[in-house]
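A.B. asks: Below you will find the structure I want to go over with you.
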Amino acid sequence: MQRFSWVRFIAVLKKEFIHIRRDRASLVMAIAMPLGMLLLFGYAVNTDVEHLPTVVWDQSRNADSRNFITSVRNTQYLDPDNFVEGYTQIEGYLDSGKARAAVIIPPDFGKNLQGDKQANVQVLVDGSDPTVARAVMTAFQMLGLDKSLQLQSERLVAMGTATGISMPLNIETRVWYNPDMKSMVFNIPALIGLILQNVIAMLTSFSIVREKERGTMEQLVVTPIRSLELLLGKLLPFVFIGFVSLSLILATGIFWFGVMPIGSIPLLILLSTIFLITILAIGLLISSIAKTQLQAMQMTFILILPSILLSGFIFPRETMPKLLQIMGGLLPLTYFLKIVRGIFLKGVGIEYLWQDTLTLCAFAIILLAIAAKKFKKNLD
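Plus 4 on top of the position in the sequence shown (first one is 1) and you've got my numbering.
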């Protein structure tokens, strides 16, 4: 048995460093990927709920109600910047996701606050995201307690005695869409999009790259088949697989986990079809770039991490820095999550989902056109 040789060891070591230095892609990945992941996780993984869009119906319209709205803003949890004139408008803001909470100040708020009666404020919270809902409820509970103590102190100084009301300000919170604030109700609809994206993109890219690896793609090219016929023949089976996957996920979510969609299932299936076409285009694009199945898998996994962190799958996008919000806006999953949660949790129709639907359609058309062109170029 040969002894350990430092000469041979150093020779192999030098050789490996030379290979790493020449392989620029691996070198860049080794340096850039840890830094990129640190920045992505550092900014995107933010459990602090801040500056959530909030709508206000101020029926009192006096100094007391304005001071209360300022106190809400000063909590840093909420941004009460939108003002409405009724429950219908409030419902529209919450259904569309333009607001996460609504503050309703009654007409007698100022009068009761200045008198010897309890002043009431109603807060409606979007409970579709339980983490956000709990943070909002806690913020208002603390605000109600803080304001009540402040009012009691002011009355004690002014009148020499505290009033008989222990809580001069009562904030009543109601949770919409997910009253029990169950995380499963929030997560199951989102998993429909994430699972469809990962499975269909990977299967589509693997199918075409496998043909390249086996050399059968060249055999198909020399046949009289046209590129469009080949493309459709390759993609349509995965449309069928996508519908089967969607049906299985929906059935499991409904019958096993008990998460029932409030809205229209036919609408959900129709809009899921648009998302499915978008994912097929992404899979086709990956297959046009990747030379091996390993590369295709790596590219698909690169898509998974930003989709989980930046799409709103786990963390609310409103709390992310603007740059990450823009990056999340480049992911089709971001818009599909709004659609699927809107239908499942809020029961909304196309009147509230049309913008996200149009964005998904644009993604589908652009990505499919780019992928088809690149696919045809590779065949030629």
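C-beta atoms are modelled at their ideal positions from N, C-alpha and C, and glycine is treated no differently. Note that the structure is a prediction, hence the values are computed from the model and not measured.
1. Expressed to the nearest angstrom, what Euclidean distance is found between the alpha-carbon atoms of M301 and T135?
2. So if DSSP puts D83 in a beta bridge, which residue, or which two residues, is it bridged to?
3. Can you tell me whether E215 is helix, strand or coil according to DSSP?
4. In terms of alpha-carbon separation, which member of V129, S152, L280, A36 lies closest to Q118?
5. Is the beta carbon of L289 sitting closer than 8 Å to the one on A375?
6. From F367 to T282, what distance separates their C-alpha atoms?
7. Under a CB-based cut-off of 8 Å, is S152 close to chain C?
8. Bridge partners of V179, per DSSP?
9. Looking at the structure shown, is L195 part of a helix, part of a strand, or coil, going by DSSP?
10. Mapping DSSP to helix, strand and coil, what is S335?
11. For V352 and W358, what's the separation of their Cα atoms in angstroms?
12. In three-state DSSP terms, what is N71?
13. Between the C-alpha atoms of N86 and Q145, what's the straight-line distance to the nearest angstrom?
14. Using 10 angstroms around the beta-carbon of N71, count the other beta-carbons present and answer buried if the total reaches 16, otherwise exposed.
15. In three-state DSSP terms, what is D150?
16. Report the option in P320, L327, A106 whose CA atom is closest to the CA atom of K342.
17. Roughly how many angstroms lie between the CA atoms of L155 and V59, to the nearest whole one?
18. May I ask whether a heavy atom of the ligand ATP can be found less than 7 Å away from the beta carbon of S209?
19. My guess is that A106 and L128 are in contact by the Cβ rule of under 8 Å, so how many angstroms apart are they, rounded?
20. Report buried or exposed for Y339, applying the criterion of at least 16 other Cβ atoms within 10 angstroms of its Cβ.
21. Which of the three DSSP states is assigned to D52 in this structure?
22. Straight-line CA distance for F348 to A103?
23. My understanding is that L314 touches L328, with C-beta atoms under 8 Å, so please give their C-beta distance in whole angstroms.
24. So, with DSSP's three-state summary, where would you put D360?
25. Can you give me the start and stop residues for the alpha helix (DSSP H) that V11 sits inside?
26. Alpha carbon to alpha carbon, how far is I293 from I318? Give it in angstroms, no decimals.
27. Taking Cβ to Cβ, would you say L275 is nearer than 8 Å to L200?
28. Closest to G346 by C-alpha separation, out of D133, L232, V248, would be which residue?
29. For W4, count neighbouring Cβ atoms within 10 angstroms of its own Cβ and tell me buried if that reaches 16, exposed if not.
30. Under three-state DSSP, which class holds I109?
31. Give the secondary structure of N124 by DSSP, where H, G and I count as helix, E and B as strand, and everything else as coil.
32. Once the 5 residues before and after F259 are set aside, which same chain residues still bring their CB inside 6 Å of it?
33. Could you check how far apart the C-beta atoms of L98 and D130 are, in whole angstroms? I think they sit under 8 Å.
34. Buried or exposed: which applies to V11, given that a residue is buried once 16 or more other Cβ atoms fall within 10 Å of its Cβ?
35. Can you tell me where the alpha helix (DSSP H) holding A103 begins and where it ends?
36. For L173, which residues does DSSP report across the bridge?
C.D. replies: On the basis of the data shown:
1. 33 Å
2. P57
3. helix
4. S152
5. yes
6. 6 Å
7. The chain inventory of the structure shown lacks chain C, comprising one protein chain alone.
8. V129
9. helix
10. Inspection of the sequence shows that residue 335 is occupied by Leu rather than by Ser. It is coil, neither helix nor strand.
11. 11 Å
12. helix
13. 22 Å
14. exposed
15. helix
16. P320
17. 25 Å
18. This structure simply doesn't include the ligand ATP, nor any ligand for that matter.
19. 4 Å
20. buried
21. coil
22. 18 Å
23. 6 Å
24. helix
25. 10-26
26. 30 Å
27. no
28. D133
29. One cannot answer for residue 4 here, as it falls past the ends of the chain, which runs 5 to 384.
30. strand
31. strand
32. none
33. 5 Å
34. exposed
35. A103 -> no alpha helix (DSSP H), and no H or E assigned at all.
36. A123
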